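Residue numbers (the working numbering), protein chains in the order written: chain F, 1 to 462; chain L, 1001 to 1462.
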Ligand SMILES: [K+]
Ligand SMILES: [K+]
């Protein structure tokens, strides 16, 4: 087996490597469009729906896009509308989409870093030479094995609980597997009716799922960096890469800050946290703060939350998760780099520094591009949604940011949208998922330098 | 006279110069707080109100802050609630506030540029040595004379029209003067009942006011650069500074883009443009697109516009006008620099270039700081408003951005706000007006350099 893989891998590796290096944007878009099309066609078959009558073209497309882009927005209730075959198709879409994101992002990382002459650095973003992952084949294998292992761990934590709650062994195993894959891939799809609402006070269900979402949202480079460092370094925490340290600390800070804000605002809301006990309120706050990054599960009804909570969730969703993860948004490192630049500006430091490292200046321009294009996509889609529907801004904005950042939380309006609005959200999910990967690949590879430089002149800012 | 001025000016100049150099944030905040307090106390007197019963503490504070910060949000109808004395107080507040912004911004510019060893450059942001304005006294005089001249021109354009419409000579002159000052200072206060709604199709009223707002929103460095260049250069357009070119082109682009978008969205709305003739619709579109930058007048009822128009207006208001102008927002150059950086990134250029000039890299970090702090101020205030009222997000966001960017447009909710929300908006107007000036001053003066540099390490972005 290894030999066959190695043999086929050589040419596959060569092709993937060349494609990633020469037309990364087209590669990412083609792969995702192709996978979405296959899932779409499968979901259009009559066997995919529970009723056997077949889904509408737009509903099948929306569900396929939502699954492959690991978003989790649904126009039809996953548990009741789709058949068992439909559920398997959706789960395959999630698994392939999740792997696609992690793989393509890492591949592009490799291609970019190689071109910049930093071959080993990008994946680990570290100057230590401990992680050599030069080969595409090895990278793919590592991602598949690591991801699947973590998914299985989550599933194994959930399985006994579902059994204890009275499920049949087969059903319990299927639900545990589905939630394991759906959580680690930050997909947000739920195989059970009413999603996680019946489990709102069940620590044994919510904690594994929150853990899966959080670990998945850190991104593959972080997971790999932690795993290899633990094995190879005595002081493994200190030896972690800057990227890992930034991602983990920012994610934790946003988690705690979000939980405090959301908890404070929903504490006495009778429709959400109000009727819960103290411990459950804490659990609900943490769960509601993890999910915008970008798991998309909810343990209390989002539509009953206050507009303030929606706004805080909007902000958390827009920031999203870690780079090269299945999470969406502008990514926590982008957010962190901008914050650090502002701090350095306020202190009057010439360099932007953190954890004893200096952040390269060109990183900032890339951050601005990512944030600006994200904000533009959200604004334009929001205008389109307001134009096509009678929604209020708070609902439209929430839905749009959720689609862009592939979160999947919703105020409950998705199913009621007209077809035009569904297509807008499909496009936005695709852009949010594939756009940023393509963008980064395309940007990093077109590195033309000028010989003649213009004289410098400073406009007034602010 | 010149001698006396020169004699007193020496010490005044010395003090202003030193204050601006050594504690610019405190200087700006103190000046504004002091002026607001005086106007507030004057508005609290019974003579300031038409009824003679005196305004409430919070209403007087809100109106004083709105006038001095040249915002134009009102909790009481300006024309009917305040007396003639009240109107004069408000107009003085506008004039002093407007001059304060232009002067302080320019002073800080001088102090900063002197410190950076670019003395003559900042005001004109040009490498030509034609504009020497080293002296604070001369600068102040130039600003006062230029501003007052432009205001009088606008007033002279309006006066015959108001006469023709049947006003008494005294009333016509007063209204013309008020609109002249209010428009050039981007104040948005209206001395006539129902504001400009009765003039919705009157080109002779709306065009001078739009012109005053537009010129005022360009900022003093731009106006001065144009005026002096016209006198001194043969090819004066080409010789304009980068700052001037960037400000004018971005302002015009936003004006045209905004007019097309708003026009398209309101074209058939019976409550706004729907009932107007073709030419008036064009006028209304242009007027509605100039006003977010940040005049704050409206020729059609804002509360009847669609949510989409509100959202486009939100975006235009947030961008605001030119640096060192009476306009608010993040400023058009900040916006332009970020756009140019993204374009350069997309092209793979190492330098960010425009109009044959290279934009310094540290400009970008400053831009991020300005945008990020603006967005944070808006987000936090929006949360507060949603918490304190039953407003919808679309209304709260519009009101908050209008206050932050000192625009003064409103969906009509200002007067109905509870006192707590009024105080939040007061604070936001102050921050939007003084915060950015102080921020820039404070930032630019703390320029500590490190001798030990940390090693560089690149996190993954996006
Ligand atoms: K999701
Ligand atoms: K204004």
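All C-beta atoms in this analysis are idealised placements derived from N, C-alpha and C, irrespective of residue type, glycine included. All of these numbers come straight from a predicted model, not from anything done at the bench.
- Cβ proximity to chain F below 8 Å picks out 1310, 1311, 1312, 1315, 1323, 1324 from the region 1310 to 1326 of chain L.
- Per DSSP, the unbroken alpha helix (DSSP H) holding residue 429(F) starts and ends at 419 to 430.
- The beta-carbon of residue 392(F) is placed less than 8 Å from the nearest beta-carbon of chain L.
- As DSSP reads the structure, residue 354(F) sits in a beta bridge with 357(F).
- With a cutoff of 8 Å on beta-carbon distance, residue 1409(L) and residue 1323(L) are scored as not near each other.
- Distances from the CA of residue 1065(L) to each of 1089(L), 1242(L), 1054(L) were compared; the closest alpha carbon is that of 1089(L).
- For residue 1304(L), no CB of chain F lies under 8 Å from its own CB, so it is not counted at the interface with that chain.
- Under the 8 Å criterion on CB atoms, residue 1399(L) is classed as non-interfacial with respect to chain F.
- Taking the Cβ of residue 1294(L) as the reference point, at least one heavy atom of ligand 2 falls within a distance shorter than 7 Å.
- For the region 337 to 358 of chain F, the beta-carbon criterion of a distance under 8 Å to any beta-carbon of chain L is satisfied by 337, 338, 339, 341, 342, 344, 345, 346, 347, 348, 349, 350, 351, 352, 353, 356, 357, 358.
- The beta carbon of residue 1219(L) lies closer than 6 Å to those of 1322, 1323, 1324, 1325 in the same chain, with the five residues before and after it left out.
- Distances from the CA of residue 1262(L) to each of 1243(L), 1289(L), 1031(L) were compared; the closest alpha carbon is that of 1289(L).
- Rounded to whole angstroms, the Cβ separation of residue 200(F) and residue 72(F) is 18 Å, and the two are not in contact under 8 Å.
- Residue 264(F) and residue 366(F) have their C-alpha atoms spaced approximately 35 Å apart.
- By the C-beta criterion, the region 396 to 404 of chain F is judged to be in contact with the region 375 to 387 of chain F, since at least 3 inter-stretch pairs fall below 8 Å.
- Listed along chain F are 386, 393, each with a C-beta nearer than 7 Å to that of residue 1307(L).
- At a cut-off of 3 residues, not a single continuous stretch assigned as beta strand (DSSP E) sits fully inside the region 1336 to 1409 of chain L.
- Between residue 418(F) and residue 69(F), the alpha-carbon positions lie close to 21 Å from each other.
- With a threshold of 7 Å, the Cβ atom of residue 1096(L) does not count as near ligand 2, since no heavy atom of the ligand is closer than that.
- Spatial neighbours of residue 59(F) in its own chain (CB-CB distance under 7 Å, excluding positions within 5 residues in sequence) are listed in chain order as 75, 76.
- Contact between residue 140(F) and residue 28(F) is ruled out by a C-beta separation of about 15 Å, above the 8 Å threshold.
- In terms of beta-carbon proximity, residue 365(F) lines the interface with chain L, with at least one pair separated by less than 8 Å.
- Under the 8 Å criterion on CB atoms, residue 1382(L) is classed as interfacial with respect to chain F.
- For residue 368(F), the closest Cβ of chain L is nearer than 8 Å.
- Per DSSP, residue 70(F) lies in no alpha helix (DSSP H) and is assigned neither H nor E.
- With a cut-off of 7 Å, the C-beta of residue 70(F) is classified as near ligand 1, since at least one heavy atom of the ligand falls inside that distance.
- Under the 10 Å beta carbon count, residue 243(F) is surrounded by 16 or more other beta carbons and is classified as buried.
- Rounded to whole angstroms, the gap between the alpha carbons of residue 1282(L) and residue 1258(L) is 12 Å.
- The Cβ neighbour count for residue 307(F), taken over all protein chains shown within 10 Å, is at least 16; the residue is labelled buried.
- Non-local beta-carbon contacts of residue 302(F) in its own chain, meaning distances under 6 Å to residues more than five positions away in sequence, involve 409, 411 in chain order.
- A straight line joining the alpha-carbon of residue 1370(L) with that of residue 1184(L) spans about 24 Å.
- If you draw a straight line from the Cα of residue 335(F) to the Cα of residue 256(F), it is about 16 Å long.
- Distances from the CB of residue 1406(L) to the heavy atoms of ligand 2 include at least one below 7 Å.
- In the three-state DSSP reduction, residue 1310(L) falls in the helix class (H, G or I).
- Around the beta carbon of residue 62(F), 16 or more other beta carbons sit within 10 angstroms, so the residue counts as buried.
- The C-alpha of residue 1276(L) lies about 18 Å from the C-alpha of residue 1194(L).
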